[in-house]
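Numbering (UniProt numbering), first residue to last: 1 to 295. For every residue, glycine included, the Cβ atom is placed at its ideal position computed from N, Cα and C. Notes follow once the structure below has been shown.
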């Protein structure tokens, strides 16, 4: 065997050994659970009776599409996604534009805007629960409203405002991550494009419209896609702040899966919800990808 050929064999073996741990972990914690979820979706599996797993065919799915709680959870999830994605992306872009200058002290604002994203969502949810408290003596936002002469608002106790309150908090917490991506995209736009626009007499808004947005086209596509996928997985905020209430106004699909699988112990039914949820996420992702490509 020639030296070059032997060297290539050693390189392939080394590459295989390097990726083997990642492949094993991927198979053990992602692929195998996903396959098992689909398998259990067609069974009558209660965690309290693991020895009595019965194949039930499509019964879980038939029950699922007649389940009002599932439909309400689906509507809540879609509403959260449709509202929070543009709100969060626009907020992140505005923050990126604000801190894209090279002025002194701007790094402090970058750290301040990004810090909520690296804080545990559970901690953030607890803090905002205190802010949203309907009692003006303990809820800071309601204390401020009463100072201005307004009536206290049931941010998390009123079905009309509970999901919107979670949307606002979620966008505030996560916008820092998208802000950093937008900031990297802004810094990649050549400065001579702005200089040429200035020579042509373009104002600040025209520069944003004809230089900044086209330069961020691919970045915007990426940010919208990852934000949508993250929004569909909403769980921690309703779990900590509202427990799916009031009147199921903040119950999402992932929270419903948790309720069925770990509270009601109806594991087979929870797996059927998870399977449908996976299909919905993949379908929405492909649709969004097609819309983005068409642009």
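Neighbourhood of residue 74 by C-beta, 7 Å cutoff - its chain only, sequence neighbours within 5 removed: 253
Counterpart residues of residue 43 in DSSP-defined beta bridges: 55
Per-residue DSSP class, three states only, for residue 76: Three-state result, residue 76: helix.
Rounded separation between residue 44 and residue 53 - CA only: 6 Å
Contact under 8 Å by Cβ, residue 246 with residue 162: Cβ atoms of residue 246 and residue 162: closer than 8 Å.
Within 8 Å, strictly: CB atoms of residue 231 and residue 80: yes
Residue 10 Cβ short of 7 Å to the ligand FMN heavy atom set: Looking for the ligand FMN in the displayed structure turns up nothing, as the structure carries no ligands at all.
Residue 76 versus residue 269 - alpha carbon distance: For residue 76 and residue 269, the distance between alpha carbons rounds to 20 Å.
Cβ-Cβ separation, residue 236 to residue 242 (assumed contact under 8 Å), whole Å: So it is not a contact: roughly 11 Å between Cβ atoms.
C-beta contact flag for residue 240 and residue 126 at 8 Å: yes
Neighbourhood of residue 1 by C-beta, 7 Å cutoff - its chain only, sequence neighbours within 5 removed: Its pLDDT being 48, under 50, residue 1 is placed unreliably by the model, and nothing is read from it.
Cβ-Cβ separation, residue 41 to residue 271 (assumed contact under 8 Å), whole Å: 4 Å
Cβ shell of residue 93 (< 7 Å), same chain only, five flanking positions each side left out: 182
Residue 26 versus residue 115 - alpha carbon distance: 30 Å
Per-residue DSSP class, three states only, for residue 117: helix
Coarse secondary structure for residue 280, derived from DSSP in three states: helix
Through-space distance from residue 86 to residue 217, alpha-carbon basis: 15 Å
Assigned secondary structure, residue 164 (DSSP; H/G/I helix, E/B strand, else coil): The answer is helix: DSSP assigns residue 164 an H, G or I state.
For residue 266: DSSP bridge partner residues: 46
Through-space distance from residue 89 to residue 112, alpha-carbon basis: 18 Å
8 Å Cβ cutoff, residue 30 in contact with chain B: Absent from the structure is chain B; it holds one protein chain and no more.
Proximity of residue 131 and residue 141 at Cβ, strictly below 8 Å: yes
Rounded straight-line distance, which links the Cα of residue 211 to that of residue 193: 7 Å
Exposed unless 16 or more other CB atoms sit within 10 angstroms - verdict on residue 296: The chain is shown only over 1 to 295; residue 296 falls outside these bounds and no answer can be derived.
Cut-off 7 Å between Cβ atoms - residues of its own chain near residue 96, not counting five sequence neighbours on either side: 179, 182, 183, 186
Helix, strand or coil at residue 189 [DSSP, three-state]: coil
Residue 66, buried or exposed, once every other Cβ within 10 Å from all chains shown has been counted against 16: exposed
Residue 143 - containing alpha helix (DSSP H), residue span: 140-147
Among 107, 173, 205, 286, nearest to residue 124 - alpha-carbon criterion: 173
Secondary structure of residue 111, DSSP reduced to three states: helix
Alpha-carbon spacing of residue 62 relative to residue 283, whole angstroms: When rounded, the distance between both Cα atoms is 20 Å.
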